[in-house]
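Working notes, structure below.
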Amino acid sequence: MMTEPTRIPPRDDRGTQPAPWRRPRVVLWTAAGAAGAATLGFLVALEIVARGYGFSGPITEQSREVIFAPESGPLLYGGLALTMVVLTWRQRLIALGIAAGVDVAFFLVRWALDADMNFGNGALWVVLGVAVLGLTRRTGQERLLLLKGTGLGLLLVAGHKTGDTWLLITSKTRATVLDAYVAAADHALADPSWLVGRFLNATAPVSTGILHVVYGQLPLAAALVGLYQLRRVAVERRFPAHHLVRTFLVIGLFGPAIYMIFPVVGPVFAYGTDGGVWATANLWPDVLPPVTDPQPIPFDGITPRNCMPSLHTAWAVTLFIHSRDGSRAMRWAGTFWLVGTLTATLGFGYHYGADLLAGVVFALTIETAMRCSAHGWDRAGVRVVALGTAVFAAQLASYRWLPTEMAARPWLYGPLLLLVTGAVIYAYVRTARAAREREPKPEVPGQRPAPAEPAEPAKAVGTTGAAPTGTDDSQDPDATDAKPELV
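Counting in the numbering used here, the sequence shown runs from -1 upward without gaps.
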């Protein structure tokens, strides 16, 4: 008795099974195009605003470095390093050789013309060359990979240029600063900047020397962690869904916008010698500022209003989070950089304690949003983002409109500030831990995927043997061993 033959799913016009990932890939291309257009529009708007105040914006500053002496050679080579994660080792050596050769040629020409000397043009040329190579000599997934690498390298430089432009805009548009309000609110936290500042003065120059390196080389530490997370891109030909560089760039791009809402220059400027004639008094770090009715303080048009929130704190927190997936040495380094950065921001008088709490909440909120945008939004992620946004807004509002009450009742408002910040930390840790347990192994940054156990051959209903279907069970989204493509 003959059995009914197994039905084979219809094939497409190329003789292959319909790929379930084609429609999501179209969605990804559409989302990537929308994100690119939004980023370009943001940069153009910032360029126009900067031009209105008499200085060039991020697009002009980055474009001129194709020919003229760059402001930061290490930054451009950092962007090249991020771009090279998509290249093989042979291609990386060739890229570095070309970059060095171009820089030597520029050096000789500038030396002959007695022009400004710096390096980094070669790195930018190679990054742009990778984009040209992807557009003209590659197709499909390889083209997308090269363009992603180029975008990552250029965004690192653009993020730095955007931050500089934001800081110039804050100094030109915010004639007064709100340091008196934050200093009064900081009494509820026992004035940590004054305490740590006196400690560093007592332990200088050893402590200050170490902390200056930690504070200044935070971008280098972040680049090393990011390169560790992206080290297998060239082998796997795909980016991890989420990594440090994404959150780092978003914090740097949008964090300075808060400076426009809450302009603060820091205790070393508002109450110290670095403020010059604009400082209210020379108090930091030896004498605590008086608790009086705070008023906006007129300040110069040069000093950036870059305190609220502390982006150095936000970056250090992000670095600490992403170093948890690395080796033991990397985890210790992430902890050291976090503690060192917090100590430096306070001890050098760059920030108040209230800035640091706002920076922590800001970082965890952005990190959760970026993780959810990569892996999908769920109820827990939405709750953390909503909680972080509410707490951050409440912090800024209390610093602005309740500073005297906070200073008068430190026994109430100090623990309350720490409690709400701790609530955001707890919510993030709980949500991130649960999400990490649900993620497939290949999506864990910096780790190789665990080898899949061989699956038993599928049996067709009503037949004695397996029927070839031409499909791979790993593409089944409901299969337990499914490996979703990382973008």
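Where a beta carbon is used, it is the ideal one built from N, C-alpha and C, also for glycine.
For residue i, the three-state DSSP class (helix, strand or coil)
i, result
"THR174", "strand"
"MET82", "helix"
"VAL295", "Per the sequence shown, the amino acid found at residue 295 is Ile instead of Val. Of the three classes helix, strand and coil, the one that applies to ILE295 here is strand, per DSSP."
"PHE40", "helix"
"TYR411", "helix"
"ARG303", "coil"
"GLY324", "coil"
"PRO287", "coil"
"TRP335", "helix"
"SER308", "coil"
"ILE65", "coil"
"ALA367", "helix"
"VAL279", "Per the sequence presented here, residue 279 reads as Ala, with Val not at that position. Three-state DSSP puts ALA279 in coil, outside helix and strand."
"LEU400", "coil"
"VAL418", "helix"
"HIS349", "coil"
"TYR426", "helix"
"PHE489", "Outside the displayed span of the chain (-1 to 485) sits residue 489, for which this structure offers no information."
"VAL359", "helix"
"TYR51", "coil"
"GLY574", "Past the boundaries of the shown model lies residue 574; the chain is included only from -1 to 485, so the question cannot be answered."
"VAL263", "coil"
Contacts around residue i, its chain only, beta-carbon distance under 7 Å, and the 5 residues preceding and following it disregarded
i, result
"TYR486", "Absent from the structure is residue 486, since the part of the chain shown begins at -1 and ends at 485."
"ASN116", "ALA67, PRO68 and GLY71"
"ALA121", "LEU74, TYR75, GLY77, LEU78 and ALA97"
"ALA221", "GLY76 and ALA79"
"GLU45", "GLY55, PRO56, ILE57 and THR58"
Per-residue burial, residue i [other beta carbons within 10 Å of its own, 16 or more giving buried]
i, result
"GLN293", "exposed"
"TRP313", "buried"
"MET258", "exposed"
"ALA395", "exposed"
"TYR348", "buried"
"GLU59", "buried"
"GLU435", "exposed"
"SER325", "exposed"
"ARG20", "Confidence in ARG20 is poor, its pLDDT being 49 and thus under 50, which makes the residue's placement unreliable; the coordinate value appears in the next sentence. ARG20 is exposed by the Cβ-count criterion."
"PRO151", "Residue identity check: residue 151 is Gly in the sequence provided, not Pro. By the neighbour-count rule (16 or more Cβ atoms within 10 Å), GLY151 is buried."
"ASP376", "exposed"
"ASN521", "Past the edges of the chain, shown from -1 to 485, lies residue 521, and the structure says nothing about it."
"GLY444", "At GLY444, the pLDDT of 46 sits below 50, so the modelled position is not reliable; the number obtained from the coordinates is stated separately. Classification of GLY444: buried, given that the 10 Å Cβ count is 16 or more."
"GLN393", "buried"
"ARG230", "buried"
"GLU454", "Unreliable placement is indicated for GLU454, whose pLDDT of 48 sits below 50; the coordinate value is still reported in the next sentence. Per the 10 Å Cβ criterion, exposed."
"PRO507", "The structure shown does not extend to residue 507, since the chain is modelled only from -1 to 485, so the question has no answer here."
"ILE300", "exposed"
"VAL263", "buried"
"THR201", "exposed"
8 Å CB neighbourhood of residue i in its chain, flanking five on each side removed
i, result
"ARG329", "SER321 and ARG322"
"GLY118", "GLU63, PRO68, SER70, GLY71, PRO72, LEU73, LEU74, TYR75 and ASP101"
"ARG135", "none"
"PHE105", "MET115 and PHE117"
"LEU166", "ALA48, TYR51, PHE53 and PRO302"
"LEU209", "LEU198, GLY338, THR341, ALA342, GLY345 and PHE346"
"ARG90", "MET82"
Presumed contact (8 Å Cβ cut-off) between residue i and residue j, rounded CB distance
i, j, result
"GLY386", "VAL427", "13 Å between Cβ atoms; not a contact."
"GLY224", "VAL211", "Wrong, their Cβ atoms sit about 19 Å apart, outside the cutoff."
"THR271", "THR311", "Actually they do not touch by this definition, with Cβ atoms about 24 Å apart."
"LEU336", "LEU354", "So it is not a contact: roughly 11 Å between Cβ atoms."
"THR168", "PRO302", "6 Å"
"THR487", "LEU216", "For the chain, the structure presents residues -1 to 485; residue 487 sits outside this window and is missing."
"THR245", "ILE364", "6 Å"
"TYR269", "PRO288", "Rounded, the Cβ-Cβ distance is 11 Å, inconsistent with contact."
"ARG235", "GLN139", "7 Å"
"ALA433", "HIS373", "7 Å"
"THR148", "THR81", "6 Å"
"HIS240", "ARG369", "5 Å"
Same chain only: Cβ atoms within 6 Å of residue i, ignoring 5 sequence neighbours per side
i, result
"VAL315", "VAL358 and ALA361"
"ALA43", "none"
"GLY132", "ARG141, LEU144 and LEU145"
"LYS159", "PRO56, GLU59 and GLN60"
"ALA425", "VAL382 and LEU385"
"GLY157", "LEU247, GLY250 and LEU251"
"ASP298", "TRP276"
"THR206", "LEU198"
"MET404", "ALA183, ALA186 and TYR411"
"GLY195", "PRO283, GLY345 and GLY347"
"THR478", "Any reading at THR478 must be qualified, since the residue scores a pLDDT of 39, below 50, and its modelled position is unreliable; no value is offered."
Near the ligand MN: residue i beta-carbon under 7 Å from a heavy atom
i, result
"VAL107", "Annotation note on the ligand MN: not contained in the displayed structure, which lists no ligands."
Enumerate, from N- to C-terminal direction, the unbroken beta strand (DSSP E) stretches of 3 or more residues contained entirely within the region 110 to 175.
none
In chain order, each alpha helix (DSSP H) run of at least 4 residues that lies wholly inside the region 170 to 242
177 to 183, 190 to 201, 204 to 214, 216 to 227 and 231 to 234
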